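Trainee:
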Amino acid sequence: MEQQILTLVTFFPVIGVALLLLVPRERADTIKAVSLIVSFVTFLFSLLMYVMFDPVANGMQFEINIPWIAAFGIHYHLGIDGISLLLIMLTTILSVIAILSSWTAIKTGVKGYYISMLLLETGMLGVFVSLDLFLFYVFWEAMLVPMYFLIGVWGGPRRIYAAIKFVLFTMFGSLLMLVALLYLFFLYHGYAGEYSFDLLKIYEMPIPLGAQTYMFLAFALAFAIKVPVWPFHTWLPDAHVEAPTAGSVILAGVLLKMGTYGFLRVCLPVFPEATIQFVPLISILALIGIVYGALVAMVQRDVKSLVAFSSVSHLGFVMLGMMALNVQGMEGSVIQMINHGISTGALFLIVGMIYERRHTRLIADFGGLAKSMPVFSTFFMIVALSSIGLPLTNGFVGEFLILLGTFKANSTYAIIAASGVILAACYMLWMLQRVIFGKLTKPENEKLVDLNIRERLVLIPLIVLIFWIGIYPKPFFIRMEPAVKAILSMVHKVDRADVERKEGIHVAQPTCVGTTCTISGGGAGCGK
Amino acid sequence: MNHSLYLIILLPLLGFLLNGLLLGRLKKGFVSFIACASVGLSFVWGVKVFFELLAMPEGARAIQETLFTWIPAGQFQVDFSLLFDPLSSVMVLVVAGVSFIIHIYSIGYMHDDPGFGRYFTYLNLFVFAMLTLVLADNYLLMFVGWEGVGLCSYLLIGFWFEKKSASDAGKKAFIVNRIGDFGFLIGLFIIFWQVGSLNYADVFARAPEVFAVGGGVITAATLLLFLGATGKSAQIPLFVWLPDAMEGPTPVSALIHAATMVTAGVYMIARSNVLFMMAPTTLAVVAIVGLATALMAATIALAQNDIKRVLAYSTISQLGYMFAACGVAAFAAGIFHLMTHAFFKALLFLGSGSVIHAMAGQQDMRYMGGLKKQQPATFVTFFIATLAIAGIPGFSGFFSKDEILWKSFSSDFGSPILWAVGLFTAILTAFYMFRLVYLTFYGEGRMDNHTKAHLHESPKVMTVPLMVLAVLSVIGGYVGIPHVLGGSNRFEQFLHPVMTGLHGGADTSEHVLTSAGHSAGTELTLMIGSVVLILIAIYMAYYLYLKNIDLAGRIRNNLSGVHALLHGKYFVDEIYGALIIRPLINGSLFLWKIIDVFVIDGIANGLASIVGDISTGVRPVQTGTMRTYATMILAGAVVLIGYFIIR
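Okay, here's the thing in structure tokens:
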């Protein structure tokens, strides 16, 4: 069981696909039921995996490593640490929710739609469990196909443009990644005398800085497009606006995390010197993303593109925290990946629910919904508040740790990023005000029906998670801490145990007098 | 000994959850019972723990209770843990007590509102958040309460969300507070990375080793904390949200925007007295900002006609007093005024609510007058509160205000200028408060006949809370009778163990705060002088607004520029709008339309179309005719062969 659990979780949705192929396409209800059950069972398996996971152990767990294409040293090598564990849980939960949310929204091509959803799930899970870079790449690319169809077939009016844009942007990055991957492969052969894509082996290989720089850039570009890091973000608003609700939920909830996860799993540990070299560049792009995303979100007229731009801002926080390269920043970054999946996923669901009723997403078409749809408005409010990081919701825990860690690394960055927290309140509350508050001026909005049981079921698990992570995030932090420290120890080239000592809090020198003191990187820096 | 501190915050939370989850399914009576009982019991429990605290020896008065680990990230560990010491005990009793009274009053005031259940749900959530704020034993948990009360304030200001002005005001309050919170957060980062903890006990114990007195780091940290305080407690430059907050129901104005939430900044500074004492520059800033705010708000209050607006500016002004006290290191005096102000200002707001209730929603004093006949209970209690805020000897406000004035004169951080500004503000306060009383309760009724016919005293459920608060507004000051009047300032003594910033934690039973170099004679002279001036101000208000109303109008006309400036609140909102909000929106539009769509996407789509163009250009080569291909093959072969021959 230990060995098989990852394979089971990853490929169980494919079993569902096989089942769906047997169901005639007119039997929409059967198709929906099968997909829902399959995704739910996948979730249960992942839950089992969560329970079996040893929270405090170091290293990878549930490892399985068997040759796949032996001639090229390609292995079916799976394994997870605390970071991938949390992302897998996020994926399985969001998949169930996404499928349940499509119940009435998808009326045509039902069979193809649910097959795409399940294939997508396997693709995403595969990326999180792969420890062989070739396997990682296969899943990475495999994910693109179902997502392309989800946007291109079941999307909005400009769906073809959006789908092609999405694929071209992503492909551009992945091709560079492929080149770097092959270079790495041959480099490893030169180093160890054997061919291997095994990530854990590659971690051990020292790489000259020049080569690191080029390969880092290639991988980083692929990941940065996916995150998306400013200025590679323009595919995102288009893809989101055109994608069906469930597509947006998965896209924002999981697919964007592929980029940040790639940085954590590949860029940082494999190219440590290059990482440190590029910290300022990536941090500054992240900062631009935070402020720029928030500002542009503020002036959007379409709720969905507002949420899309808010994602650019939030993912900026994730990147910034990671680039702090200390425990607090990175743990904040990981928890914020999860948070963004939950909160933004929920926001897209909410937008989808209102779109199904009114067939518009323009802010100006709403107003006063709190009167006609009180339950909807309450959920909307809670999710929006979590998105802007109110304490005791998930968003606060993530943003606070990211800013705390960043402040240690570079206080200026932290101060700029913290202004994004103010702007987040501006765009969210302004949107809430125009959508749910005010008078019911439009007759179409008066007759709106409040959320039904299915819609509430879709949102409640996310609301529970919002408060769980906000109030008692300890279980998550315990599980990710060994993994975060492992990555940091590889970046800083110190023992795992020393990661924190290196980051230790220096007691400020008592020589620090007068008003010339500055707080700078390296803790209680006392600049003169 | 188990004190079960957590019950104090758990009870209102349960009330919130119960009313919130069953919203719309409970009868009004039941909703208000749950809400009032949960807060009432919380208060009772607070009193019980308070007596347990009193029973402890003076130096050891602190009860700490850890509930669970909240955020563990490497060395950063923050617990959900509570602290009940003299300072938090005062805050708990004031907050829970005043909240309970206002909950009761609200039953009457909100009786016919369709949002009755929602109202009490929010109110309970507020009490939970506020009690968390004052009971936290670390800065981050304090921040939880800090933002929590901000959320409730947002929800309750915008309670009548169909009114655009209400939801505007709620949003404004939240965003302006966020600006302050930005400072608060950065301040916390500095403290954590210097000290290695956010626990009060750790921070205050290690601060003297870590920070140099007057150093840049501690000055920056405390200034940033103070920025947070200016947001929450409506001081310059972030005071603009509080007047607009009057869009909320009046009991909310009384509870959140007068008695409790807005004093959080004062509490935070008093709590951090160790840190602020190490940063004399910050103390000076706090004192100056506090007094400047006090003076500015008092002048604006002179020219407002809306009864709640006058009280709102009065609140800003009184909060300025409390900060002034903190700024001259008289933290206990600040907390003392916080307490007496909670009583009399809550009473003033509730009284104005009773008036507005009778006036069918009218808030403009120009259409009031003579109400003391129809509303005797409201009038008497309101009058008592006015005497208290004006600082008439014998009433609570006299003791606390005088304490602040004296400290601002005599403290090591004080100066005669600070004292003079404080005194002048006190004179203005007496004047505008009596202007309000004369316009509202005295003279002829200026309302239309329909309203006049319906004037009535409010029901018991509203007047009894007024009476309770009136009693507190009188006796609340007697816990802090100054030495010069033969008392022993027990309030200051009680808080003394918390004020380690003033005495370095040394447990001294003889700890009369220095007013060294100043004689009792000076103190008495200043006290009597200020009372005389205040009485003159009251007479002027009487003369202008009751005896000789024409004169007031003529003065206003002669000083029309000044009046416009004051009536327009110095146009601060307009200035912020032009300098910050407009540019922000236009800049964002530029980023979206020009940078995002035109530049970035233009480049991406441009690259795509260049690729497309090149492909189109090359495409004619693929003609599909065999003959062309054969020619090309031939040409290629000739070139290749030629190359090899020439080589």
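Residue numbers (this note's numbering), protein chains in the order written: chain A, 2 to 529; chain B, 26 to 672. Ideal Cβ placement from N, Cα and C applies to all residues, glycine included. Here the structure is a predicted model, which is why all the values come from computation and not from measurement.
What does E428 (chain B) touch in chain A if you count any residue whose Cβ is under 9 Å from its own?
Mentor: The residue labelled residue 428 (chain B) in the question sits at position 403 within the second sequence. Here the premise fails: no neighbours, minimum Cβ distance about 32 Å.
Trainee: Cα-Cα, which of B:I635, B:F55, B:T94 is closest to F141 (chain B)?
Mentor: What you label residue 141 (chain B) is simply residue 116 of the second sequence in a count that begins at 1. It is B:F55.
Trainee: Can you tell which of A:S314, A:V18, A:H360, A:I416 has the C-alpha that lies nearest to the C-alpha of L230 (chain A)?
Mentor: Numbered from 1 along the first sequence, position 229 holds the residue referred to as residue 230 (chain A). It should be pointed out that residue 230 (chain A) corresponds to Val in this sequence rather than to Leu. Per the Cα distances, A:S314.
Trainee: According to DSSP, F109 (chain B) sits in a beta bridge with which residue or residues?
Mentor: Position 84 of the second sequence, counting from 1, holds the residue named residue 109 (chain B). Note: F109 (chain B) sits in a beta bridge opposite B:I88.
Trainee: Which residue wins for smallest C-alpha separation from G51 (chain A), given the options A:F233, A:M320, A:I6?
Mentor: By 1-based counting over the first sequence, the position of residue 51 (chain A) is 50. Note that residue 51 (chain A) is Tyr in the sequence shown, not Gly. Residue A:I6 holds the alpha-carbon nearest to the alpha-carbon of Y51 (chain A) among A:F233, A:M320, A:I6.
Trainee: What does F199 (chain B) reach in chain A if we use C-beta pairs closer than 8 Å?
Mentor: As a position in the second sequence, residue 199 (chain B) is number 174, starting the count at 1. The contacting residues are A426, L430.
Trainee: Ignore the nearest five residues each way along the sequence and tell me which others in F198 (chain A)'s own chain have a CB closer than 7 Å to its CB.
Mentor: Translated into the one-based positions of the first sequence, residue 198 (chain A) becomes position 197. Cβ within range, chain order: G74, I75, D133, L134, F135, F186.
Trainee: Given a threshold of 16 other Cβ atoms within 10 Å of its Cβ, counted over all protein chains shown, does D532 (chain B) qualify as buried or as exposed?
Mentor: Within the second sequence, numbered from 1, the residue matching residue 532 (chain B) stands at position 507. Note that D532 (chain B) scores 45 on pLDDT, short of 50, meaning its location in the model is unreliable and no value can be drawn from it.
Trainee: Less than 8 Å between the CB atoms is what I'm expecting for A371 (chain B) and A279 (chain B), so what's the real figure, rounded?
Mentor: Start at 1 with the first residue of the second sequence, and residue 371 (chain B) comes out as number 346. Start at 1 with the first residue of the second sequence, and residue 279 (chain B) comes out as number 254. Going by Cβ atoms, the distance from A371 (chain B) to A279 (chain B) rounds to 5 Å, so yes, they are a contact pair.
Trainee: Find the nearest neighbour of F449 (chain B) within the set B:A319, B:V310, B:S131, judged by alpha-carbon distance.
Mentor: Position 424 of the second sequence holds residue 449 (chain B). When each option's Cα is compared against that of F449 (chain B), the closest is B:A319.
Trainee: Count the other C-beta atoms from every protein chain shown that fall within 10 angstroms of the C-beta of R644 (chain B), then say buried if there are 16 or more, exposed otherwise.
Mentor: Along the second sequence, read from residue 1 onward, the residue named residue 644 (chain B) stands at position 619. When all chains shown are included, R644 (chain B) counts as exposed.
Trainee: Counting only beta-carbon separations shorter than 9 Å, does F176 (chain B) have a partner in chain A?
Mentor: For the purposes of this step, residue 176 (chain B) is identified with residue 151 of the second sequence, where counting begins at 1. At residue 176 (chain B) the sequence reads Leu, which differs from the Phe that was named. With 9 Å as the cut-off, L176 (chain B) counts as an interface residue toward chain A.
Trainee: Start and end of the alpha helix (DSSP H) containing F374 (chain B)?
Mentor: Here the question's residue 374 (chain B) lines up with position 349 in the second sequence. First-last of the alpha helix (DSSP H) with F374 (chain B): 356-383.
Trainee: Using Cβ-Cβ distances below 9 Å, what residues of the segment 570-598 of chain B are close to chain A?
Mentor: none
Trainee: If you reduce the DSSP assignment to three classes, tell me which class N411 (chain A) lands in.
Mentor: Locating residue 411 (chain A) in the first sequence gives position 410, counting from the first residue. Secondary structure of N411 (chain A) (DSSP, three-state): coil.
Trainee: For G369 (chain A), return the contacting residues in chain B, with the cut-off set at a CB-CB distance below 7 Å.
Mentor: Numbered from 1 along the first sequence, position 368 holds the residue referred to as residue 369 (chain A). Under the 7 Å cutoff, chain B gives E187.
Trainee: To the nearest whole angstrom, what separates the beta carbons of F207 (chain B) and V422 (chain A), a pair I think is in contact under 8 Å?
Mentor: One-based indexing of the second sequence puts residue 207 (chain B) at position 182. One-based indexing of the first sequence puts residue 422 (chain A) at position 421. Correct: roughly 7 Å between the Cβ atoms.
Trainee: Can you pull out the residues from the segment 290-317 of chain A whose beta carbon lies closer than 9 Å to at least one beta carbon of chain B?
Mentor: Those would be Y293, A295, L296, V297, A298, M299, V300, Q301, F310, in chain order.
Trainee: Would D110 (chain B) count as contacting chain A if we go by Cβ distances under 9 Å?
Mentor: Within the second sequence, residue 110 (chain B) is the residue found at index 85, counting from 1. No, its Cβ sits nowhere closer than 9 Å to a Cβ of chain A.
Trainee: Cβ closer than 7 Å: which chain B residues qualify as neighbours of Y149 (chain A)?
Mentor: Within the first sequence, residue 149 (chain A) is the residue found at index 148, counting from 1. The contacting residues do not exist; Y149 (chain A) stays about 16 Å from chain B at best.
Trainee: Do you know whose CA, among A:P444, A:I81, A:G369, lies nearest K188 (chain B)'s CA?
Mentor: Along the second sequence, one-based indexing puts residue 188 (chain B) at 163. Closest by alpha carbon: A:G369.
Trainee: In chain B, which residues lie with their C-beta within 7 Å of the C-beta of P232 (chain A)?
Mentor: Stepping through the first sequence from its first residue, residue 232 (chain A) is reached at position 231. I625, listed in chain order.
Trainee: So the alpha helix (DSSP H) F349 (chain A) belongs to, where does it begin and stop?
Mentor: On the first sequence, position 348 is the one that residue 349 (chain A) refers to. Looking at the DSSP string, the run of the alpha helix (DSSP H) that includes F349 (chain A) is 328-359.
Trainee: Answer with yes or no whether the minimum CB distance from V311 (chain B) to chain A is below 9 Å.
Mentor: As a position in the second sequence, residue 311 (chain B) is number 286, starting the count at 1. No - not a single Cβ of chain A is within 9 Å of the one on V311 (chain B).
Trainee: Which residues, taken in chain order from the segment 198-218 of chain B, show a beta carbon closer than 7 Å to some beta carbon of chain C?
Mentor: In the displayed structure, chain C is absent; the protein chains listed are A and B.
Trainee: In chain B, what lies closer than 9 Å to L404 (chain A) by C-beta?
Mentor: For the purposes of this step, residue 404 (chain A) is taken as the residue at position 403 of the first sequence. Under the 9 Å cutoff, chain B gives L210, I211, F214.
Trainee: Using DSSP bridges, identify the partner residues of S98 (chain B).
Mentor: Translated into the one-based positions of the second sequence, residue 98 (chain B) becomes position 73. Note on identity: in this sequence residue 98 (chain B) is Ala, with Ser being the wrong assignment. Paired residue(s): B:F101.
Trainee: So is L119 (chain A) buried or exposed if we call it buried at 16+ other beta carbons inside 10 Å?
Mentor: Reading the first sequence from its first residue, position 118 is the one you call residue 119 (chain A). Flag for L119 (chain A) reads buried.
Trainee: Beta-carbon of W469 (chain A) versus every beta-carbon of chain B: anything under 9 Å?
Mentor: Within the first sequence, numbered from 1, the residue matching residue 469 (chain A) stands at position 468. Put simply, the CB of W469 (chain A) is far from chain B, with every gap to its CB atoms at 9 Å or more.
Trainee: Mind checking which residues open and close the beta strand (DSSP E) that includes N330 (chain B)?
Mentor: For the purposes of this step, residue 330 (chain B) is identified with residue 305 of the second sequence, where counting begins at 1. Unbroken run through N330 (chain B): none, as it is neither H nor E.
Trainee: Since I believe P483 (chain A) is in contact with G83 (chain A) (beta carbons under 8 Å), could you give me their beta-carbon distance rounded to a whole number of angstroms?
Mentor: One-based indexing of the first sequence puts residue 83 (chain A) at position 82. One-based indexing of the first sequence puts residue 483 (chain A) at position 482. Cβ-Cβ separation between G83 (chain A) and P483 (chain A): approximately 6 Å, consistent with a contact (criterion under 8 Å).
Trainee: If you measure from the beta carbon of A419 (chain A) to each beta carbon in chain B, is any gap under 9 Å?
Mentor: For this step, residue 419 (chain A) is matched to residue 418 along the first sequence. Yes, A419 (chain A) counts as interfacial toward chain B.
Trainee: Would a C-beta distance cut-off of 9 Å place L252 (chain A) and H241 (chain A) closer than the cut-off?
Mentor: In the first sequence, residue 252 (chain A) corresponds to position 251, counting from 1. In the first sequence, residue 241 (chain A) corresponds to position 240, counting from 1. Against a cut-off of 9 Å, the Cβ pair of H241 (chain A) and L252 (chain A) comes out as a contact.
Trainee: Name the residues in the segment 186-206 of chain A whose C-beta lies less than 8 Å from a C-beta of chain B; which are they?
Mentor: none
Trainee: Tell me where the beta strand (DSSP E) around G79 (chain A) begins and ends.
Mentor: Translated into the one-based positions of the first sequence, residue 79 (chain A) becomes position 78. Note on residue identity: the sequence assigns Leu, not Gly, to residue 79 (chain A). Looking at the DSSP string, the run of the beta strand (DSSP E) that includes L79 (chain A) is 75-81.
Trainee: Return the first residue and the last residue of the alpha helix (DSSP H) that Q213 (chain A) is part of.
Mentor: As a working note, residue 213 (chain A) is residue 212 in the first sequence. Counting along the chain, the alpha helix (DSSP H) containing Q213 (chain A) begins and ends at 210-227.
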